[in-house]
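Just so we're aligned, residue 9 is where the sequence shown starts under our numbering, counting upward by one. Report on the structure given below.
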Amino acid sequence: MTVVVGNGGRSARQRGIVVAALAALIAVPLLFDAVRPSSVKRTEIPKRVVTDLARASDRQAQSSVWFCAGGVVRTGATHDAPSRLSVTVTNPGAIPSRGHLTWVIGGEPNTVVQVEVPAGSVQEFRLEDSVPQISGALAKGENAGAGAILEFDRGGLAVDHRVETASSGSTAPCASSVSERAVALGGSTSLGTQTLITILNPFPGNAVFDIRFFTDSGTTKPTVVRGITVASESIRLVDIGAIVRRRRVVDTEVIARTGRVIVDRTTIVRDGPSRGIVLGTSAALPSIRAFFTSGFLSRNRQERYEIVNPGVSPTRLDVAVLVAPPIAGEAPSEVVPFQIDVAAGTREELDLANTEVPQGRDYSVVFTGTRPFLAARIVSARPDKTGLGRGPATTPGAETGATRWILPANAVALTIFNVSSDPTTATVKSSTGSVLATMKVAPGASRDVAVPPSIATGVQALLVEADFPVLVGRRFTATSPVNSWALPLAFVTDEGLVP
9 MTVVVGNGGR
19 SARQRGIVVA
29 ALAALIAVPL
39 LFDAVRPSSV
49 KRTEIPKRVV
59 TDLARASDRQ
69 AQSSVWFCAG
79 GVVRTGATHD
89 APSRLSVTVT
99 NPGAIPSRGH
109 LTWVIGGEPN
119 TVVQVEVPAG
129 SVQEFRLEDS
139 VPQISGALAK
149 GENAGAGAIL
159 EFDRGGLAVD
169 HRVETASSGS
179 TAPCASSVSE
189 RAVALGGSTS
199 LGTQTLITIL
209 NPFPGNAVFD
219 IRFFTDSGTT
229 KPTVVRGITV
239 ASESIRLVDI
249 GAIVRRRRVV
259 DTEVIARTGR
269 VIVDRTTIVR
279 DGPSRGIVLG
289 TSAALPSIRA
299 FFTSGFLSRN
309 RQERYEIVNP
319 GVSPTRLDVA
329 VLVAPPIAGE
339 APSEVVPFQI
349 DVAAGTREEL
359 DLANTEVPQG
369 RDYSVVFTGT
379 RPFLAARIVS
389 ARPDKTGLGR
399 GPATTPGAET
409 GATRWILPAN
419 AVALTIFNVS
429 SDPTTATVKS
439 STGSVLATMK
449 VAPGASRDVA
459 VPPSIATGVQ
469 ALLVEADFPV
479 LVGRRFTATS
489 PVNSWALPLA
499 FVTDEGLVP
C-alpha cells in the first residue's frame, strides 16, 4: 500500500514505466582505454556499459530517477544501532526541480511526498520528518530496511543518502540505474561487526533472487538465501551475520531470477579502532579495469583492496601503482607492476603495505584484467588523540573518466585524477558559479583540492570541469571518513586517451 502525502504521487505501474525507460537511456555503449603503463599488455574492452558509478543524467534530460536502497532504521535504538535515514539532492542548475520522493520501509506502508529543490541549492530530506509515525516492527526494537525512490522533472541533479547512529554516520551516492545482479563488497561478520544488505525493488511485480557469498574461507550459496522474494515497491533486509557467521570478509552477490533490484550494504563496527557505521553501494557490472586514487600508507591508516571474480573463467590482473611526485602537478612515478590471479567464482585481497609502495606518499592504482572482475578499496584510520577512529570507508573501482563532475556535498577535500594521455586543466566551481581553483594535472597524476567550509557543510555543491577525462572523488580525511567518487555528468570515448 502507498500512502500519499500532499498532491498524490504516480501509480506503481506508471513509476515502473518511467524508471525502465530512464534506465534504458542511461545504458549507452562506452569504450574507454585509460592510463596504462607500457609494461601492461593491451586488452580488448567490451563495447558495453563499462562503469558502475552512479551517473547524473544530462541537464537537458526530461526527467531524472534515483534509487537509495542502503538505509536501515530502528526506533528506540541503542547507541550504535542505525536510527536515521536522509537523502540529499543537489541542483546545480539555474532552474528549480520538482518531483516525488517515495519512502520505502520494510513492514510499513510507503509514503510519497512532493519535494522541490531550488536552483543552485542542496536540499536534505529526512525520513523522520516525512514519516514520524513509524511503528510496527520498528517499535519492537527490530531493524528494518529503509530506502527511497526519487523522481524529478529534469536532469542534471545528484543524490546522496546517509544513515546515522547516535555516534557516527556514513554517506554514499544513490543509484541511477538498476540491474539483474549486484555485488556488495567489503562486508564482514567478525565479532563486534554486523553487515546488513538492503534490496530494493522499485518496480511493479515481485523480484525473486538468490544470494552468493565470497568469504575469506571460500564461496558459499546457502539454501536459506535461494528464491527470496521482494514484493513490488518494497525493500528487504538481510542480516548476513545470521547466515554466514564469523567471517572477516564477506562480499555479497545478489542474482535476480526475475525482476531487477538495487542493493546496498550497511556495516556497523562496534568494537576495535574503526568503530562506526559504513554505507556502501554495490557494483552491478564486472569490468576489465578498475581505477583507485587517493591511496596513502601510514602506521595510522589501513587500506586493502577486495577483488571478486563472479564469472566462470579465471582472470589475471596487472596491477600498476602510480606514486605521487614530491612536487604537485608533475608526472607520477610507477612502482614495478605485478600480477594477481583470481580463480572463477572466488575473491582475492591485496594489501599494498607488503609491496614496494612507499609510506607517506599519495598513490593511485590501476587494475587491468584479462576477464571482467569487481574491485573495491576499504580504508580505515586508527584512533587519533581524541580516541576516535575513522572508517572503514568503501570505494568501488571506477573504469571510466569524464570531463564534467558534480560532488553533491559532505566533503572537506576532493581529488582530481587525470586518466587521459594528455595534460589537462581542471576547474573547480561552486554550484553558484564561483571559481574555487584552476590547476594543471599531468597524465596519471592526482591533485587535491581543499573544500571551503561553507560547501563542506552542504550549503553548496562542487562542479569540476576538465579538458580531458578525469576521475573526481571525495578524499578520506580525519574529519571526513568518506571515500567515494563524485557523480559524472559527461562521459567520454576512446578519443584522446592512451592507446
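Cβ atoms here follow ideal geometry from the backbone N, Cα and C, with glycine treated the same way. Predicted model, so just to flag it, every value in this text is computed and none were measured.
Contact annotation: residue 249 and residue 202 have beta-carbon atoms nearer than 7 Å. For the 7 Å CB-CB criterion, residue 240 and residue 212 form a contact.
When C-alpha distances from residue 388 are compared across 381, 331, 403, the shortest belongs to 403. Judged by DSSP secondary structure, residue 137 falls within the alpha helix (DSSP H) whose first and last residues are 135-138. Distances from the CA of residue 160 to each of 360, 121, 301 were compared; the closest alpha carbon is that of 121. For residue 231, the three-state secondary structure derived from DSSP is helix. The way I'd put it, the stretch 261-281 does touch the stretch 214-222; three or more beta-carbon pairs between them come closer than 8 Å.
Under DSSP, the beta-bridge partners assigned to residue 277 are 201, 284. Between residue 139 and residue 97, the C-beta spacing is not below 7 Å. Following the DSSP letters along the chain, one finds residue 310 inside the beta strand (DSSP E) bounded by residues 309-317. Put simply, the backbone Cα of residue 221 is about 18 Å away from that of residue 380. Going by DSSP, residue 153 is part of the beta strand (DSSP E) stretching over 152-160.
Inside the stretch 400-476, DSSP marks whole beta strand (DSSP E) runs of 3 or more residues at positions 410-415, 421-426, 432-438, 443-449, 454-458, from first to last along the chain. The bridge partners DSSP lists for residue 241 come to none.
Under the three-pair Cβ rule at 8 Å, the stretch 166-178 counts as touching the stretch 405-424.
Secondary structure note for residue 107: its beta strand (DSSP E) is the uninterrupted segment 105-113. DSSP places residue 481 in the strand class (E or B) of the three-state scheme. The beta carbons of residue 298 and residue 383 sit about 4 Å from each other, so the pair counts as a contact at 8 Å. A distance below 6 Å between beta-carbons, with the five flanking residues on each side excluded, links residue 287 to the following residues of its chain, in chain order: 78, 171, 178, 180, 274.
For residue 341, the closest alpha carbon among the candidates 356, 365, 349 is that of 365. Counting C-beta atoms within 10 angstroms of its own C-beta, residue 468 has 16 or more neighbours from the protein chains shown and is therefore classed as buried. In the DSSP secondary-structure assignment, residue 375 is bridged to 298, 327. Looking at the backbone, the Cα of residue 483 and that of residue 459 are separated by about 10 Å. Sorting 76, 127, 104, 109 by C-alpha distance to the C-alpha of residue 441 places 127 at the top.
Taking 7 Å as the cut-off, the Cβ atoms of residue 74 and residue 184 count as close. For residue 422, the CB contacts under 8 Å within the same chain, skipping 5 residues up- and downstream, are 415, 436, 456, 457, 459, 470, 472, 480, 481, 482, 483, 494 in chain order.
Distance from the CA atom of residue 103 to the CA atom of residue 367, rounded to whole angstroms, is 47 Å. Non-local C-beta neighbours of residue 251 in its own chain, meaning closer than 7 Å and more than five positions away in sequence, comprise 230, 232, 233, ordered along the chain. For residue 348, the enclosing beta strand (DSSP E) begins and ends at 341-350. Per DSSP, residue 99 is one residue of the beta strand (DSSP E) stretching across 92-99. About 5 Å separates the CB atoms of residue 109 and residue 123; that is less than 8 Å, so the two are in contact. Straight-line spacing of the CA atoms in residue 410 and residue 425 works out to 11 Å. Annotation: the continuous beta strand (DSSP E) that includes residue 219 extends over 215-223.
With 16 or more neighbouring CB atoms inside 10 Å of its own CB, residue 219 falls in the buried class.
Secondary-structure assignment with DSSP links residue 163 through no beta bridge to anything.
The C-alpha of residue 300 lies about 12 Å from the C-alpha of residue 311.
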